[in-house]
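Residue numbers (my numbering), protein chains in the order written: chain A, 63 to 538; chain B, 42 to 173. Glycine is no exception: its CB is placed at the ideal position from the N, C-alpha and C atoms. Presented below is the structure to which this report refers.
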């Protein structure tokens, strides 16, 4: 691993924080440092509460693999399918990300065994295993996370419904996380591969939680940089410009001898709406985040059409992996995500740029303007979840009663499927959610365009077109 | 105030008629999957399962029926609620069973048009507010 002194950007990280902004950071007065709340501090400071929760999620993860591989082959009767794709995935989109950013990452079990091997201990560090190589520069950013999400989309009709496939996917993720932790330094899997990490990270920028340095001067004078050495993600907290990469593991808070780090509650969307001037490298890196944001929009449209729409032929095509029909579905899915949406968005940004007095490079403009896609995407996924998961919550008691589908009656009764009737309110709720996302995105586009409606117009039109598409799919 | 646009509105008066739909249910598809009727129509659905046992329940109508393979089940009701309603399979029929869905369209889907109008208003009104 590189020594801290070898990292070229480190000395200037604090300075770059403000230099990187076209406009000074918006003054956001409201912050509540949760780490200063007396009853909460010990819970964060000690590794035990987090370790206990992660032990539970690890046990749940292993149980999910076991039920996926050996339980009922009927998805709606299998714990793995219902708990992963109905309960957990819904909780992620409805609670963890909107309210806690990457809070799921702080209790995710997948990197745990790799961490233990890498650091040579469970709660304390010993002589770890692994080569500790640097992650290849060419593979940095979220390009691989976007690709992993596209793979999920291509095979979603099978992965989300076949217990064996879910089980093997989880085994593969587990193996990959462990393998990468033995080859590369820090959490390479979480930072560059995990599609859920990409999904959580991009929308964490809208969430009301952040981990930040309190006083950068104190960090500048502190030679040890103990926070950087403690961070399993390889982040230096002073350099955090947004909450996309921080997994909220709290190790930096525990390591800081100056008590100079804060876990803040903040207003929603604090990270977005700031135009950045960046060097070429940053610009290229930001472009990967723009691509990820567009993949999330495209996937929301595709998932809604496949799982909530009335088109049986589309479901059958998405399910018949390897058939000609599936090839057609895959081509349409990839065309939507790789050509149509990026093309339309680039066109919108190009139009915006034509009206701009200060013309930044197109790539940089795309990177800036894609911030407007975040609220839109987050609320589209929440609206999709209302249709996708709520009518199927009735399956949860059934799989708790008989998780393996072996005829058990753990809850003492024979549960039959019960479908909550959400038709009375779900449509109106989905409309309101999509309207909130649209309004918020328009607000971000407006700020990024310096309150110039000619500049903001094309981005707003793109957001409106996406919202109308989601409305048609959900309530049409 | 704009959200008042989403309140239910009474259905436009039409002459109720009797309508019969024959639906073939196979994994994981209804054919036809989209039924369009007028408010007040007496609707009969003849559901035939072509491969395994399938069911049909309509969101918001509290109606359900089940058809064995090769058999036809009937469901008759008055379409007294306007709007777009999903109908779903009620018998586990395979991997995509939870997503075997069709659509019953009763009258115009005014909620969709109103929501689209509202989206435009939110954008225009929001921009106007931000401009101020």
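Beta-ladder partner(s) of residue 97 of chain B, from DSSP: As a first step, residue 97 of chain B is located in the second chain; it is residue number 56 there, counting from the start. BP columns for residue 97 of chain B point to B:106.
Ordered list of alpha helix (DSSP H) runs contained in the segment 272-345 of chain A, each at least 4 residues: 278-283, 288-292 and 313-317
Chain-ordered chain A contacts of residue 139 of chain B [CB-CB under 7 Å]: Within the second chain, residue 139 of chain B is the residue found at index 98, counting from 1. Result: 138 and 454.
For residue 70 of chain B, three-class secondary structure by DSSP: Walking along the second chain from the start, residue 70 of chain B turns up at place 29. Three-state DSSP puts residue 70 of chain B in a strand.
Under 8 Å between C-beta atoms of residue 414 of chain A and residue 521 of chain A: Looking up residue 414 of chain A in the first chain gives position 352. Looking up residue 521 of chain A in the first chain gives position 459. Yes; because the gap between Cβ atoms is below 8 Å, this pair is in contact.
When A:124, A:180, A:118 and A:208 are compared against residue 359 of chain A, the one with the closest alpha-carbon: For the purposes of this step, residue 359 of chain A is taken as the residue at position 297 of the first chain. For the residues A:124, A:180, A:118 and A:208, the minimum Cα distance to residue 359 of chain A belongs to A:208.
Distance between residue 242 of chain A and residue 87 of chain A (C-alpha atoms, nearest Å): Counting from one through the first chain, the residue named residue 87 of chain A turns up at place 25. Counting from one through the first chain, the residue named residue 242 of chain A turns up at place 180. Because the pLDDT of residue 87 of chain A is 40, which lies under 50, any placement of that residue in the model is unreliable, and the number read from its coordinates should be weighed accordingly. Straight-line Cα distance between these residues: approximately 37 Å.
Chain-order list of residues whose beta-carbon lies under 6 Å from that of residue 182 of chain A (same chain, five-residue window excluded): For this step, residue 182 of chain A is matched to residue 120 along the first chain. Hits under 6 Å: 188, 189 and 190.
6 Å Cβ shell around residue 443 of chain A - same chain, five flanking residues per side excluded: Within the first chain, residue 443 of chain A is the residue found at index 381, counting from 1. Excluding positions up to five away in sequence, the list reads 155 and 362.
Proximity test, Cβ basis, 8 Å: residue 490 of chain A and chain B: Here residue 490 of chain A is taken as the residue at index 428 of the first chain, counted from 1. Cβ-Cβ to chain B under 8 Å: yes for residue 490 of chain A.
Same chain only: Cβ atoms within 6 Å of residue 94 of chain B, ignoring 5 sequence neighbours per side: Reading the second chain from its first residue, position 53 is the one you call residue 94 of chain B. Here the set comprises 109 and 132.
Three-way DSSP call (helix, strand, coil) for residue 189 of chain A in this model: Sequence index remark: in the first chain, residue 189 of chain A carries index 127 (1-based). Reduced to three states, the DSSP call for residue 189 of chain A is coil.
Residue 167 of chain B and residue 501 of chain A closer than 8 Å at C-beta: As a first step, residue 167 of chain B is located in the second chain; it is residue number 126 there, counting from the start. As a first step, residue 501 of chain A is located in the first chain; it is residue number 439 there, counting from the start. Yes, the Cβ-Cβ distance between residue 167 of chain B and residue 501 of chain A is below 8 Å.
Residue 165 of chain B versus residue 46 of chain B: straight-line alpha-carbon distance, rounded: Start at 1 with the first residue of the second chain, and residue 165 of chain B comes out as number 124. Start at 1 with the first residue of the second chain, and residue 46 of chain B comes out as number 5. Their Cα atoms are separated by approximately 16 Å.
Proximity test, Cβ basis, 8 Å: residue 97 of chain B and chain A: What you label residue 97 of chain B is simply residue 56 of the second chain in a count that begins at 1. Closer than 8 Å: no.
Own chain residues within Cβ distance below 8 Å of residue 473 of chain A, not counting five before or after: Counted from its first residue, the first chain places residue 473 of chain A at position 411. Closer than 8 Å at the Cβ level, and outside the excluded window around residue 473 of chain A, lie 459, 462 and 463.
Start-to-end residues for the alpha helix (DSSP H) that takes in residue 200 of chain A: Taking the first chain and counting its residues from 1, one reaches residue 200 of chain A at position 138. Here residue 200 of chain A belongs to no alpha helix (DSSP H), and DSSP marks it neither H nor E.
Outcome for residue 56 of chain B when other beta-carbon atoms lying within 10 angstroms are tallied against a minimum of 16: To locate residue 56 of chain B, count along the second chain from 1; it is residue 15. It counts as exposed.
Any C-beta of chain B under 8 Å from that of residue 133 of chain A: Taking the first chain and counting its residues from 1, the one referred to as residue 133 of chain A is at position 71. Taking Cβ atoms only, chain B never reaches closer than 8 Å to residue 133 of chain A, which makes this a no.
Below-8 Å beta-carbon distance, residue 515 of chain A vs any chain B residue: Within the first chain, numbered from 1, the residue matching residue 515 of chain A stands at position 453. Closer than 8 Å to some Cβ of chain B, the Cβ of residue 515 of chain A qualifies, so yes.
For residue 128 of chain A, the residue or residues it bridges with in DSSP: Mapped onto the first chain, residue 128 of chain A falls at position 66. DSSP output for residue 128 of chain A lists no bridge partner at all.
Expected contact under 8 Å - CB spacing of residue 492 of chain A and residue 432 of chain A to nearest Å: Counting from 1 along the first chain, the entry for residue 492 of chain A is found at position 430. Counting from 1 along the first chain, the entry for residue 432 of chain A is found at position 370. Not really, about 24 Å apart at Cβ, beyond 8 Å.
Strand pairing of residue 367 of chain A, partner residues [DSSP]: The residue given as residue 367 of chain A occupies position 305 in the first chain. Note: residue 367 of chain A sits in no beta bridge, so no partner.
Of the listed residues A:295, A:515 and A:184, nearest to residue 113 of chain A (C-alpha basis): Locating residue 113 of chain A in the first chain gives position 51, counting from the first residue. Measuring from the Cα of residue 113 of chain A, the nearest candidate turns out to be A:184.
Coil, strand or helix - residue 217 of chain A by DSSP: Numbered from 1 along the first chain, position 155 holds the residue referred to as residue 217 of chain A. In this structure, residue 217 of chain A counts as coil in the three-state DSSP scheme.
Reduced DSSP secondary structure (H/G/I, E/B, other) of residue 65 of chain B: As a working note, residue 65 of chain B is residue 24 in the second chain. Three-state result, residue 65 of chain B: strand.
Distance, residue 196 of chain A Cα to residue 203 of chain A Cα: By one-based count along the first chain, residue 203 of chain A stands at place 141. By one-based count along the first chain, residue 196 of chain A stands at place 134. Using only the alpha carbons, I get a separation of about 14 Å.
Validate contact between the segment 371-385 of chain A and the segment 319-339 of chain A using beta carbons, cut 8 Å, 3 pairs: no
Inter-stretch contact at 8 Å, needing at least 3 Cβ pairs: the segment 122-142 of chain A / the segment 229-242 of chain A: yes
Proximity of residue 116 of chain A and residue 263 of chain A at Cβ, strictly below 8 Å: For this step, residue 116 of chain A is matched to residue 54 along the first chain. For this step, residue 263 of chain A is matched to residue 201 along the first chain. Not a contact, by the Cβ cut-off of 8 Å.
Cutoff 8 Å: residue 172 of chain B Cβ touching any chain A Cβ: Indexing the second chain from 1 puts residue 172 of chain B at position 131. For residue 172 of chain B, the answer is yes, since a Cβ of chain A falls inside 8 Å of its Cβ.
Reference residue 304 of chain A; option with closest CA among A:369, A:286, A:337 and A:447: Walking along the first chain from the start, residue 304 of chain A turns up at place 242. When only C-alpha atoms are compared, the closest one is A:337.
Neighbouring residues, chain B, relative to residue 61 of chain A (Cβ below 8 Å): Here chain A covers residues 63 to 538 and nothing more, so residue 61 of chain A does not appear.
Neighbour flag for residue 56 of chain B against chain A, beta carbons, 8 Å: Reading the second chain from its first residue, position 15 is the one you call residue 56 of chain B. No, because no Cβ of chain A sits closer than 8 Å to the Cβ of residue 56 of chain B.
Any chain B beta carbon closer than 8 Å to residue 77 of chain A: Along the first chain, read from residue 1 onward, the residue named residue 77 of chain A stands at position 15. Unreliable placement is indicated for residue 77 of chain A, whose pLDDT of 44 sits below 50; the coordinate value is still reported in the next sentence. So, not an interface residue.
For residue 246 of chain A, the residue or residues it bridges with in DSSP: Position 184 of the first chain holds residue 246 of chain A. Residue 246 of chain A pairs with A:195.
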